[in-house]
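Notes to accompany the following structure.
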Amino acid sequence: MTWRSIFTYNKFAQITARAVRASLKEEQRLAAEKRGVTTLRYQQWDNGLGGQQVTLGDPDANGLEKTR
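Residue 2 in the UniProt record's numbering sits at position 2 of the sequence shown, and the numbers go up by one each step.
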């Protein structure tokens, strides 16, 4: 039996990434956790003009710094 019969690829990648991050030293672990934060921005377009951008899951709201 392989992992493919139990997990989807995305779930397997999530589990292994969590294990790798947990095994890192403190400084590298914190940097990796910051990279793992996901944000989403969307913008409503009408007649070829973009409206206001709305950000969901803002890292600043969670107390994390933006890295880019």
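Glycine included, C-beta positions come from ideal geometry on N, C-alpha and C. Because the structure is a prediction, the values reported are computed rather than measured.
Straight-line Cα distance separating residue j from residue i
i     : j     : result
Gln52 : Leu40 : 14 Å
Ser5  : Arg21 : 25 Å
Tyr42 : Asn10 : 24 Å
Gly48 : Arg29 : 43 Å
Thr2  : Asp46 : 49 Å
Glu27 : Gln14 : 21 Å
Spatial neighbours of residue i in its chain, beta-carbon cut-off 6 Å, leaving aside the 5 residues before and after
i     : result
Leu44 : It should be noted that the sequence gives Gln, not Leu, for residue 44. Contacts found: Gly51.
Own chain partners of residue i with C-beta closer than 8 Å, once the 5 adjacent residues on each side are dropped
i     : result
Leu24 : Ala32
Thr55 : Thr39, Leu40 and Arg41
Spatial neighbours of residue i in its chain, beta-carbon cut-off 7 Å, leaving aside the 5 residues before and after
i     : result
Phe12 : Trp3
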